[in-house]
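What follows is one structure encoded as structure tokens, with my remarks underneath.
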Amino acid sequence: MFEATKPIAHASEPDKPNIIVTNTEVDSEDNTTSVLTRYIPQKSLHNARPAAVNSCINDIFEARFRERPDALAVCAWDGSYTYRELNDRSSALAHKLRRQGVQAEVLVSLLFEKSKFSVVAMHAVIKAGGAFQLWDPSLPVARLRGMFAESEAHLVLASAANARLASEISKNVIVVDESHIPPGESATLNPGTQPENALYCVFTSGSTGKPKGFLMDHRALCTCALGFGELLRLDGDSRLIQFSANTFDLATFDHILPFLAGACLCIPSEEERKGDLNRVFNKYRITHAVLTPTVSRLLDPQHLTTLQVLLLAGEAPSREDVRRWASNVRLLNGYSPAEAGCITIVNPSLQEDHPGKIGFPVTVVPWVVDPDDFNRLVPAGEVGELVIQGHTLARGYFGRPKQSKAAFIQTPPWVRQFGCESYGRLYRTGDLVRFDAEDESLLYIGRKDSQVKIHGQRLELGEVEHALQQFFPRPQIVIVELLMAEDREPALVGFVHRPGNPQNMPARQQSKEDSLFLVADDQFCADAQTALASMRNILPSYMVPSDLLLISHLPMVLSGKTDRRSIRMRAVDLAPEERRKYSSVLGKSRDQPVSPLEKSLLGLWATCLKLPHSQIGVLDNFFHLGGGSLEAIHLAAEARTMGFDELSSAAVFKCPTIREMAGMLDALAVSVQRQDTLISASFQLGSSLVAELLRRSQRTLEDLQGGFLPVTPFQEKTAKMKPMHLLLEISGLDHSRLEAAWALLLEKHISLRSIYVEHQGRVYQAFLRQHDTVSIPIAWYEEPVHESAARFCEQDVDVILDGRPWWSMTRINSKTDSVLVLRMTHAQWDALTLNVLFKDFMAAFEGRELSQRDLEFPDYMQSRLKHNASPATIKFWSKFLHGSQLTQPMLLDGSAKVDPENEAMVFVSKQIPMLTPPLGITLGSVFRAAWALVLSRYTEQEDVVFGEFVEGRSLLLKSVEKITGCTAAEPPMRISVTPTASVHDLLCHSQEQYVARIPYETCELEDIVRPCTSWLIDTKFNHILVIQNEPVFPPVVLDGRPCPHQWAFHGRLEDVYVQLVFGPDTLHVGMSGPEIRLSKEIATELVEKLASTLRQFNDRPESLLSEITM
1 MFEATKPIAH ASEPDKPNII VTNTEVDSED NTTSVLTRYI PQKSLHNARP AAVNSCINDI
61 FEARFRERPD ALAVCAWDGS YTYRELNDRS SALAHKLRRQ GVQAEVLVSL LFEKSKFSVV
121 AMHAVIKAGG AFQLWDPSLP VARLRGMFAE SEAHLVLASA ANARLASEIS KNVIVVDESH
181 IPPGESATLN PGTQPENALY CVFTSGSTGK PKGFLMDHRA LCTCALGFGE LLRLDGDSRL
241 IQFSANTFDL ATFDHILPFL AGACLCIPSE EERKGDLNRV FNKYRITHAV LTPTVSRLLD
301 PQHLTTLQVL LLAGEAPSRE DVRRWASNVR LLNGYSPAEA GCITIVNPSL QEDHPGKIGF
361 PVTVVPWVVD PDDFNRLVPA GEVGELVIQG HTLARGYFGR PKQSKAAFIQ TPPWVRQFGC
421 ESYGRLYRTG DLVRFDAEDE SLLYIGRKDS QVKIHGQRLE LGEVEHALQQ FFPRPQIVIV
481 ELLMAEDREP ALVGFVHRPG NPQNMPARQQ SKEDSLFLVA DDQFCADAQT ALASMRNILP
541 SYMVPSDLLL ISHLPMVLSG KTDRRSIRMR AVDLAPEERR KYSSVLGKSR DQPVSPLEKS
601 LLGLWATCLK LPHSQIGVLD NFFHLGGGSL EAIHLAAEAR TMGFDELSSA AVFKCPTIRE
661 MAGMLDALAV SVQRQDTLIS ASFQLGSSLV AELLRRSQRT LEDLQGGFLP VTPFQEKTAK
721 MKPMHLLLEI SGLDHSRLEA AWALLLEKHI SLRSIYVEHQ GRVYQAFLRQ HDTVSIPIAW
781 YEEPVHESAA RFCEQDVDVI LDGRPWWSMT RINSKTDSVL VLRMTHAQWD ALTLNVLFKD
841 FMAAFEGREL SQRDLEFPDY MQSRLKHNAS PATIKFWSKF LHGSQLTQPM LLDGSAKVDP
901 ENEAMVFVSK QIPMLTPPLG ITLGSVFRAA WALVLSRYTE QEDVVFGEFV EGRSLLLKSV
961 EKITGCTAAE PPMRISVTPT ASVHDLLCHS QEQYVARIPY ETCELEDIVR PCTSWLIDTK
1021 FNHILVIQNE PVFPPVVLDG RPCPHQWAFH GRLEDVYVQL VFGPDTLHVG MSGPEIRLSK
1081 EIATELVEKL ASTLRQFNDR PESLLSEITM
């Protein structure tokens, strides 16, 4: 479909390089070719095809309409068009545009979301003879108005969704949708277009503070696209995705190229574009794509079934990009400034070891000149500025004659000397390149000016500085730089110098080693937030700095100019914690996650933004932390792998903080469908087992709400322990009101109606439709009520695993006092459960409405069982514990005799002052890190693994915190202790490990050992961490009277616990466990070490771990 043009020369035998081209060197045709190869190597010279294609795009389009009427032209999310249908609709609209005055050299703005109608609009403008400019509706309206005025556009074509926005830009608006396309006017117009007429308009960032626009004509586009199209191998069976945002010049290229070859343009919706790209590519059967390397990293080559050709453009690919793609598709790299045409230089064979090679010319002649004097060529192999010559260039910038003259240069003498005047005009790119000696391709070196690219979008730092300066008026000085570090995403950062700031360093005292950066005060933070928020109203999002830093002085070079490189490099060298200290937008909130959902989201943010967890707060703005549209897409993709299906990239923009995201997800969460049958098929118990459990419990299926479920490992061990009792003082309270409140509580909370049945050493649970008894029996005693209640509890210690309910209430009365005794098992409750139950009990007693829940405990259990058995969970734990061993410290004196019948307990506790963790680090992370160091020293192991008690409410279920029942779990925690690391490093690592584990923390050791480790099947923890940061039991007030409580425990705990208990102003560090497993002397030693370590972590967070003493 594409016509080739002829190369300009076939050169041979290179001569000795010489930077000066003289008339005597080019005195003959043969000598001209020989000398020319000194400056353009033979292979690049052979590939150059600068002959103009004197055609009009509309003529080529019309030929395709005639040749392929029934072939698919557009396949979009909102509908499809064949070439005939596209021709008919665009012709009808073209007639309307002609009546509105659209003709040659008349510009029309197109304001559309991703839609099939943008294609109709573009073809209609071209058919009418006009030129078009694609606009992105997400741009600030002020910027759109400015571009409309500067380009002197005639009218705006807009989708129905953007009609109101269009009316704010122009009084002349035409809405384009099926209902607004005039019927019956499908005859093709004769636009009278000439190759030199304007075809489209593009705006790029400008150094003066305003974007600069320019027009491309038909000849330029035809020359560029038809020459380059051969390399893409587009044909009638090809399907090209339209992915680029309309702010990007490649979007225009996407809209035009497929119709030159009779191919199909595929247009996913904005939601699809920002969602799962692998799914989008397969859904639309994409064969060809033009993407930035950044976007390509969101795709998995192994999951794409139809992609054949991938062109990377807009930014330099990495070695990893080439490695991932080269063996899966035909991989090309395309280069061209927008002013030089769509794609003018191509590398058709990217190599992993040379990703910076931009390739060979396709439709232009590449010259490399002295960056300071374009009249001087530099020899091949030396670095210089790339100048592009050809018929693909833009006309020049609107209303900027000086900039146009500087960029689109007059013919240098060497062009005439080589006889190349007919090859077209010349454009200075500002890019530094050289010809590679190995294969003679062009190698990109860098920029000679302040123009940068971020995510494929070109911008002038001067334009951003101009906008920022408005909010920090002189004598304040602003500088904007693009920070590029190997381990971080590129970030646009602003620097502000306030000459009158008392923190500034006098010039005479400045030295190279002085601190350049100042800690941002509250006033500067407020000014910075205002400035950045306002800039989002006038600049595209990619041009708004992610952060502003306050600097004490302006480093200078010898010439007296600002040393921008020094500022940039010193900012890049800042460690993350230092950057946060100086930042005006990062880390100003200490708010940490308060729910499992927020904790999971924080982990996702850390992954996508490549930031430590400690640098992210729940009120931080995703885009202030360096996120952009591509990071939002990445976040949404990662979220789907963890079950956050509702978190699209569009939702990230609407809810840019973790707290807002969590609220949105919680509101959208769909309740798990309750089933009044046996449990779901994935976890259905065999019929013979169910029959045996019914027999043992003396129940029928009709008695049960649902069927039998397994219990969690934590439930199993606590269900086999003797019951515990809670004693509540209720003297003088009306008994009938207590019974009514208890009956209502039993009705509303299915967890109170749970029963447990043991069979072959395993425990199973089920839930009664109705509790066996809703009354509260009364027992009368002569003795004081507390003595009587204690004796009652001592006699009520049966372990109930035969199908009878555990929960019961009994009222103990003496002559003067009353105590309400609640019997329970820890298999049925945790701290959150008791809070909910007794708040509801108080509400029921006082006749108020009880709390509402979307889910009950059986729903939670079904979700937990499925989640724990999922491939993602198995994969996580296999990776998390790979190569590890459970750390088992010696907790008993080896010489001590152990009496298995001994039920004595060991309790050791030490009080320490409240700690103040570093910014962004939780006390829990400090505690885990401190215990890891103690354990590492005690066992002489740098890699430690221990158990930890957690709430187990990290499942993504609506209002999971309101579910009543024991959701607790005891999963492993793994922390690596490197003696040469700092305390702060260990704290960050501890928190990162904790956050990474959150989505999978409902898995306990019994669930993990066999499928995920090489450990022995009967491996058990010999100690477990527990952090208690809230009261286990809420204060109870009935009828206006406080009801004090106390606990009665029986028997012994089987496990050793290392505890951190929060007090109002202090912390309690302790160990407890059965005497047969824990020596009091060892417990005392370890608690002392732990307390000492915590204090040192608090006082010296920058110390090395090797400096911590015990």
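Counting from 1, position 92 in the sequence shown corresponds to residue 92 in UniProt numbering; the numbering is continuous, with no gaps. Using N, Cα and C, we set each Cβ at its ideal position, and we do this for glycine too.
Excluding the 5 residues preceding and the 5 following residue i in the sequence, name in chain order all residues of the same chain whose CB lies nearer than 6 Å to its CB.
{"i": "Q103", "result": "G129"}
{"i": "C222", "result": "V53, S55"}
{"i": "V280", "result": "P268, E272"}
{"i": "A528", "result": "L548, S584"}
{"i": "S976", "result": "D943"}
With DSSP run on the structure shown, which of helix, strand or coil describes residue i?
{"i": "C201", "result": "strand"}
{"i": "W1047", "result": "strand"}
{"i": "K171", "result": "coil"}
{"i": "M661", "result": "helix"}
{"i": "L957", "result": "coil"}
{"i": "L1104", "result": "strand"}
{"i": "L733", "result": "coil"}
{"i": "L832", "result": "helix"}
{"i": "G952", "result": "coil"}
{"i": "W77", "result": "coil"}
{"i": "Q1059", "result": "strand"}
{"i": "S680", "result": "Reliability fails at S680, whose pLDDT of 35 lies under 50, so the model's placement of it is uncertain and no value is given."}
{"i": "A326", "result": "coil"}
{"i": "F281", "result": "helix"}
{"i": "S863", "result": "helix"}
{"i": "P69", "result": "coil"}
Taking only the alpha-carbon atoms, compute the straight-line gap between residue i and residue j and give it to the nearest angstrom.
{"i": "K448", "j": "P371", "result": "7 Å"}
{"i": "P999", "j": "A639", "result": "11 Å"}
{"i": "S534", "j": "P140", "result": "11 Å"}
{"i": "V995", "j": "F65", "result": "57 Å"}
{"i": "S515", "j": "S546", "result": "22 Å"}
{"i": "N190", "j": "D666", "result": "58 Å"}
{"i": "R376", "j": "I345", "result": "22 Å"}
List the DSSP bridge partners of residue i.
{"i": "F132", "result": "V108, Y200"}
{"i": "W367", "result": "V387"}
{"i": "D359", "result": "Strictly speaking, residue 359 in this sequence is Gly, with Asp absent from that position. According to DSSP, G359 bridges with L442."}
{"i": "Y335", "result": "I345"}
{"i": "P913", "result": "T1066"}
{"i": "T810", "result": "V821"}
Would you check whether the ligand SAM has a heavy atom nearer than 7 Å to the C-beta of residue i?
{"i": "R811", "result": "You won't find the ligand SAM in this model; it holds no ligand whatsoever."}
Can you list, in chain order, the residues of its chain with a C-beta nearer than 7 Å to that of residue i? Leave out the 5 residues immediately preceding and following it.
{"i": "D676", "result": "In this prediction, D676 has a pLDDT of 31, which is less than 50 and means its spatial position is unreliable; what the coordinates show is noted afterwards. Result list for D676: Q705, G706, in chain order."}
{"i": "residue 1131", "result": "The requested residue 1131 is not part of the displayed model; the chain covers only 1 to 1110."}
{"i": "L215", "result": "A131, A198, C201, A394, R395"}
{"i": "A142", "result": "N537, I538"}
Quick check on residue i - is its C-beta less than 8 Å from some C-beta in chain B?
{"i": "K879", "result": "Reference to chain B is not applicable here, since this structure consists of a single protein chain."}
Excluding five sequence neighbours on each side, which residues of the same chain lie with their C-beta closer than 8 Å to the C-beta of residue i?
{"i": "P490", "result": "I454, H455, L482, L483, M484"}
{"i": "R974", "result": "F880, L881, S884, D943, V944, V945, Q993"}
{"i": "L1104", "result": "P979, T980, A981, S982, V983"}
{"i": "L277", "result": "V295, L298, L299, I633, A637"}
Next item on the list: Taking 8 Å as the threshold, find out whether the stretch 742-750 comes into contact with the stretch 1075-1083 through three or more Cβ pairs.
Entry: The stretch 742-750, when compared against the stretch 1075-1083, does not touch it at the 8 Å Cβ threshold.
Notebook entry, point to check: At a cut of 8 Å, does the stretch 1076-1095 reach the stretch 954-974 through at least three beta carbon pairs?
Noted result: Judged by Cβ distances under 8 Å, the stretch 1076-1095 makes no contact with the stretch 954-974, as fewer than three pairs qualify.
Next item on the list: For the stretch 293-309 and the stretch 107-126, state whether three or more C-beta atom pairs, one from each stretch, are separated by less than 8 Å.
Entry: Taking one beta carbon from each stretch, the stretch 293-309 and the stretch 107-126 have fewer than 3 pairs nearer than 8 Å; the two do not touch.
Margin query: Assess contact between the stretch 343-357 and the stretch 429-447, defined as three or more Cβ pairs (one per stretch) separated by less than 8 Å. Is contact present?
Written below: As far as the Cβ criterion goes, the stretch 343-357 touches the stretch 429-447, which means the pair count is three or higher.
Margin query: Is it the case that the stretch 83-98 contacts the stretch 113-126, given that we only count it when at least three CB pairs across the two stretches are under 8 Å?
Written below: Enough Cβ pairs lie closer than 8 Å, so yes.
Note to self: Taking contact to mean 3 or more Cβ pairs, one atom from each stretch, closer than 8 Å, check whether the stretch 149-166 and the stretch 66-78 are in contact.
What the structure shows: In this structure the stretch 149-166 does not lie against the stretch 66-78, because fewer than three pairs of beta carbons, one per stretch, are closer than 8 Å.
Checklist line | the stretch 809-826 / the stretch 776-794 touching (three or more Cβ pairs under 8 Å) | finding: Touching, yes, given that three or more Cβ pairs across the two stretches are closer than 8 Å.
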